[in-house]
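Numbering of the sequence shown is given in my numbering, commencing with residue 83 and proceeding in unit increments.
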Amino acid sequence: MRTKTLLLIAAIGAAGAATSMAQVYSVNAVGYVNKTVPKGQFSMIANPLKAATNTVNALFQPVPAGFQVFVYTQGKGFDVGTYDDLEGAFLPASVGNAVINPGKGVFVKNPTTADVTITFVGEVMQGTLTNPLAPGLQIVGSQVPQEGTASDLGLPHTTAGGMTPGDQVYQFTGTGYYVSTFDDLEDNFVPALKPLAVGEAVFVKVAKANSWNRTFSVNP
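Structural data, given as structure tokens:
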């Protein structure tokens with residue numbers, strides 16, 4: 083999958099005073115991320131920005147007729163939504179209305195003979211961020227639009243971080259999976275985790291409840 087990323091940072095300052103010396107500032111960062119799904123291929127995509135509406139219908143637009151989104155639910159498997167250009171939405175509606183918040187991911191399939199670029203527009207998540215990991219398998223990614231390995235971006239990768247021998251990360255390669263398994267003797271994933279592109283999702287399988295945490299600010 084090819085990725086083009088451009089984050090446009092907009093600082094919005096507001097000042098108010100309880101005394102003549104007191105000031106309060108707030109900063110929002112907004113931007114967009116382009117994700118290209120190659121023709122005739124599957125990809126794993128994580129929502130990299132907080133949009134006004136984070137449903138499948140709102141996030142995956144515009145796409146051609148027949149484009150598919152696979153929403154994974156633990157214990158159930160995949161619900162598959164197919165874009166209907168006459169309806170202007172993914173069907174069934176249960177998939178089209180599914181909420182994919184920042185840090186959550188889906189499989190997508192581009193069945194056409196041309197690459198499809200999806201543009202995510204929204205706010206960069208900041209502050210203390212928590213992405214819960216439930217026991218079992220789930221599709222997740224970084225809540226912050228940055229490149230790096232999952233551990234670089236906050237995924238626990240040590241025994242002290244709550245990982246259990248046998249916990250795994252599955253990174254989709256386009257034809258299969260690159261699988262890293264937590265080894266308590268190495269106190270890390272083996273083989274080493276590979277870098278993720280901005281907005282790339284992975285399968286994470288954990289034995290015990292945990293969370294992918296990150297503290298992030300656009301301010302230096």
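Think of the CB as a built atom: it goes at the ideal place given N, C-alpha and C, for glycine as much as any other residue. Here the structure is a predicted model, which is why all the values come from computation and not from measurement.
Item	Value
Under the three-state DSSP convention, the category Leu141 falls into	helix
Residues sharing a beta bridge with Leu211, DSSP	Arg296
Residue burial classification, Ala134 (beta-carbon count within 10 angstroms, cutoff 16)	exposed
Residue environment, Asn292, which counts as buried when at least 16 other CB atoms sit within 10 Å	buried
Nearest to Val112 (by Cα), restricted to the options Val286, Val206, Val222	Val206
Continuous alpha helix (DSSP H) stretch holding Ser233: start and end	Note, Ser233: premise wrong, no alpha helix (DSSP H); not H, not E.
Cβ-Cβ distance between Gly163 and Pro146 below 8 Å	no
Reduced DSSP secondary structure (H/G/I, E/B, other) of Ala180	coil
Counterpart residues of Thr240 in DSSP-defined beta bridges	DSSP lists no partner for Thr240.
Rounded separation between Met245 and Gly159 - CA only	24 Å
Rounded separation between Ser108 and Ala140 - CA only	With a pLDDT of 47 at Ser108, under the threshold of 50, the modelled position of this residue cannot be trusted, and the question is left open.
Separation of Gly223 from Pro277, as counted between CA atoms	12 Å
Sufficient close CB pairs (3 or more, under 8 Å) joining the region 255-271 to the region 190-197	no
Presumed contact (8 Å Cβ cut-off) between Ala128 and Glu282, rounded CB distance	6 Å
Identity of the residue in Val280, Leu215, Tyr259, Asn116 nearest Thr231 by Cα	Val280
Nonlocal neighbours in the same chain, by C-beta distance under 8 Å from Val177, ignoring five residues either side	Val138, Val151, Val153, Asp161, Val162, Gly163
Beta-carbon contacts of Thr241 that lie in its chain and below 8 Å, excluding the five residues immediately before and after	Asp266, Asp269
Which of helix, strand or coil DSSP assigns to Val288	strand
Chain-order list of residues whose beta-carbon lies under 7 Å from that of Arg296 (same chain, five-residue window excluded)	Leu211, Gln225, Val226, Leu235, Gly236
Rounded distance between the beta-carbons of Leu219 and Lys287, thought under 8 Å	5 Å
Span separating the alpha-carbon of Asn183 from that of Lys132	7 Å
Length of the line joining the Cα atoms of Glu169 and Pro144	13 Å
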